[in-house]
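First comes the structure, then the notes that go with it.
Residue numbers (my numbering): 1066 to 1574.
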């Protein structure tokens, strides 16, 4: 960088030269914008040169170009000019030094704030890293326990199956002996039994009592094992929910993880299921009965549940049986923001998007115990499912729904063991708050609290990124987790007591 500083090495330099040197020194400040790091060097140079210029001007005569003046006059004017120039220069230097100090102080404050933010962020990051490591260690331990529990459940299941097979064999033998005993009792009613026959009858009676005791003991063992299996099953469900939640948190928002493998078989039947009776005209009460009668193609069929009129349903054949579809959404072509009457009676096309109707669904489920299966697909075509044991109330209860999660591949988002009343914008259920969920979030649903899962909400695409639009949309919202925007949904039901739906016996009453 050029610097306009004139240094005089000659001892004969006059006051004019001193003035020129001072003015040239000031041009450093007025005409050049140097980096802040060089300002201090300029100040030191100026302070060094100014005294030299003053001493040189005070001790020498003026140049031959100036008019002839007395030595005292020339010295006085030269000193006044030098003092004025020096004062101006010092004033400019003061302002420059003040600006430099302010700028330096501001930069130091910025650096201090950034260092504080960095230290705090680093500390928080270290805490989060420690928590993640602890959660990973707990997850490893939980996974190990889960594997051990799975092995125990597998062994218990094999043992229970073996005992059940023995029980069935004993039952068959007992049935054969009871039949023989009935024949002999019939003969005894005709003829007087002999002593030997009386002894044989006593022996058979004792044998029957012994078999009955054995059966009771086996049933007690089976019941104990069933309780233990239920307990371990609940533990597995909790662990599965935790694993799914951690897994989902690591992926992009509004999308599931890779598509899971669908189960091969339907769930284990629930005990004490109510058997479904069949009509003599051969009309099936459910899609499952159609499957058992030989129907193997998915499509629209007519069924007639007990105590109800006949109506059409869509039957989906999968997993070695048939499911009755009560809701289906694929492309948003149907508006689900309907009235209470529409949700009660049903709407839509059974081959495309539709809602079967609360009244029709109730007429099916009141025949026995059912499983509710929900299938979900996000906008990356990842698929998930979840299944519940459930009960559905009638119109006098606003079709109250009660759920109990069985298993699935996504965290639960619906309240369990809670009576959920169905509500629409024109038929508001008794919800705990004063906020009308159906009116503000669109579509009828079993609402418990606003901003929860609504599979009958407005159909929106990922382009609708606004908060309000997203929560009015078709989404799945676990209690702890984000909103998952859905591309398609399907809700189906299936009986738990499969034997009661054996349509090959239409004459059973």
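The beta-carbon is built from N, C-alpha and C at its ideal position, and this holds for glycine as well.
Keep in mind the model is a prediction, meaning the values are calculated, not measured.
What's the gap between the Cα of residue i and the Cα of residue j?
| i | j | result |
| --- | --- | --- |
| residue 1451 | residue 1439 | 5 Å |
| residue 1227 | residue 1493 | 53 Å |
| residue 1481 | residue 1204 | 25 Å |
| residue 1383 | residue 1425 | 22 Å |
| residue 1510 | residue 1288 | 37 Å |
| residue 1248 | residue 1411 | 56 Å |
| residue 1166 | residue 1187 | 31 Å |
| residue 1283 | residue 1229 | 8 Å |
| residue 1559 | residue 1431 | 12 Å |
| residue 1360 | residue 1544 | 40 Å |
| residue 1513 | residue 1475 | 20 Å |
| residue 1185 | residue 1171 | 21 Å |
| residue 1484 | residue 1454 | 14 Å |
| residue 1333 | residue 1183 | Interpretation of residue 1333 is limited by its pLDDT of 35, a score under 50 that renders its predicted location unreliable; no figure is taken from the coordinates. |
| residue 1079 | residue 1149 | With a pLDDT of 42 at residue 1079, under the threshold of 50, the modelled position of this residue cannot be trusted, and the question is left open. |
| residue 1356 | residue 1225 | 29 Å |
| residue 1299 | residue 1388 | 25 Å |
| residue 1540 | residue 1520 | 6 Å |
| residue 1238 | residue 1245 | 11 Å |
| residue 1473 | residue 1353 | 21 Å |
| residue 1201 | residue 1370 | 51 Å |
| residue 1286 | residue 1271 | 23 Å |
| residue 1175 | residue 1152 | 34 Å |
| residue 1198 | residue 1210 | 18 Å |
| residue 1464 | residue 1404 | 15 Å |
| residue 1421 | residue 1380 | 12 Å |
| residue 1367 | residue 1427 | 16 Å |
| residue 1297 | residue 1223 | 15 Å |
Restricting to Cα atoms, I'd like to know which of the options is closest to residue i.
| i | options | result |
| --- | --- | --- |
| residue 1214 | 1153, 1293, 1372, 1142 | 1293 |
| residue 1295 | 1230, 1354, 1217 | 1217 |
| residue 1232 | 1483, 1276, 1245 | 1276 |
| residue 1469 | 1462, 1456, 1460, 1475 | 1456 |
| residue 1406 | 1184, 1388, 1508 | 1508 |
| residue 1243 | 1355, 1273, 1280 | 1273 |
| residue 1487 | 1280, 1460, 1269 | 1460 |
| residue 1236 | 1179, 1279, 1471 | 1279 |
| residue 1212 | 1146, 1159, 1301, 1362 | 1301 |
| residue 1391 | 1241, 1436, 1239 | 1436 |
| residue 1372 | 1363, 1348, 1386 | 1348 |
| residue 1526 | 1421, 1352, 1445, 1556 | 1445 |
| residue 1556 | 1223, 1423, 1200 | 1423 |
| residue 1433 | 1137, 1194, 1561, 1195 | 1561 |
| residue 1304 | 1154, 1208, 1181, 1363 | 1208 |
For residue i, name the three-state secondary structure that DSSP assigns.
| i | result |
| --- | --- |
| residue 1489 | strand |
| residue 1217 | helix |
| residue 1467 | strand |
| residue 1181 | helix |
| residue 1454 | strand |
| residue 1475 | coil |
| residue 1553 | strand |
| residue 1170 | helix |
| residue 1205 | helix |
| residue 1296 | helix |
| residue 1544 | coil |
| residue 1510 | strand |
| residue 1154 | helix |
| residue 1361 | coil |
| residue 1448 | strand |
| residue 1538 | strand |
| residue 1480 | coil |
| residue 1527 | coil |
| residue 1136 | helix |
| residue 1443 | strand |
| residue 1519 | strand |
| residue 1460 | helix |
| residue 1128 | Because the pLDDT at residue 1128 is just 44, under 50, the model does not fix this residue reliably, and the point stays unresolved. |
Rounded to whole angstroms, how far is the Cβ of residue i from the Cβ of residue j, which I believe are closer than 8 Å?
| i | j | result |
| --- | --- | --- |
| residue 1377 | residue 1395 | At roughly 19 Å, the Cβ-Cβ gap does not stay under 8 Å, so residue 1377 and residue 1395 are not in contact. |
| residue 1393 | residue 1418 | 6 Å |
| residue 1479 | residue 1518 | 6 Å |
| residue 1462 | residue 1408 | Contact doesn't hold; Cβ gap of about 15 Å is too wide. |
| residue 1443 | residue 1549 | 6 Å |
| residue 1522 | residue 1546 | Contact flag wrong, Cβ pair sits at about 17 Å. |
| residue 1524 | residue 1397 | 3 Å |
| residue 1441 | residue 1554 | 6 Å |
| residue 1351 | residue 1429 | 6 Å |
Tell me the start and end of each unbroken alpha helix (DSSP H) in the region 1366 to 1441 that is at least 4 residues and wholly inside, in chain order.
-> 1405 to 1410, 1423 to 1430
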